[in-house]
Structures are given as structure tokens and as C-alpha cells.
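Enquirer: Please read through the structure below; I'll follow up with questions.
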Amino acid sequence: MLNQLKHHRESKGWSQGELARRLGVSRQTINAVETDKYDPSLPLALRMAKLFEVSVPDLFIDDWEPEE
């Protein structure tokens, strides 16, 4: 899964710590999501999308393709 979290965070001029504070999570969580080491829970993904005023699919891009 690809994500646009870092792009949106930097466009607001926020550090990882600031974004973490606004979302009520640790800075390590933000770092893990940005580096694709951790997929956020659905509630966290929804809060992130709401904070950046985008849809979840715009923030997290699933590159999975079904087998034929």
C-alpha cells in the first residue's frame, strides 16, 4: 500500500510530532505509517483523512490487484 501521508503533513508544515499530537498517537506511529511499515487502523485512517480533508482512498493507495 502506498500512502500520501508525508506529502499532506509537509504541505501543512507539520512535523511528525505535531501530526501525532493532533491525532492522539505517537510520533513513532506516524513514522511507521509514512515509511509503509505499519498500516493504520480504520479509525485512525478515517481521522487522518478527515484532518487533511481528503478521502481515505486519496490518502492510502492500494496497489493490490486480484488474481485472474
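Residues in the sequence shown are numbered consecutively from 4, following this note's numbering. Heads up, the beta-carbon is just placed ideally off N, CA and C, and yes, glycines get one too.
#1: Out of LEU62, ASP65, PRO69 and ARG50, which has the shortest C-alpha to C-alpha gap to VAL28?
#2: Considering just the uninterrupted stretch of the alpha helix (DSSP H) at VAL36, what are its terminal residues?
#3: Measure the C-alpha to C-alpha separation of SER18 and LEU26 and round it to an integer number of angstroms.
#4: Do you know how far the Cα of ARG12 is from the Cα of ASP66?
#5: Are the beta-carbon atoms of ARG30 and GLY16 separated by less than 8 Å?
Expert: Well, looking at it:
#1: Between VAL28 and the set LEU62, ASP65, PRO69 and ARG50, the nearest pair of CA atoms involves ARG50.
#2: 30-37 is the span of the alpha helix (DSSP H), which, as asked, contains VAL36.
#3: 12 Å
#4: Within the model, the alpha-carbon separation for ASP66 versus ARG12 is close to 22 Å.
#5: no
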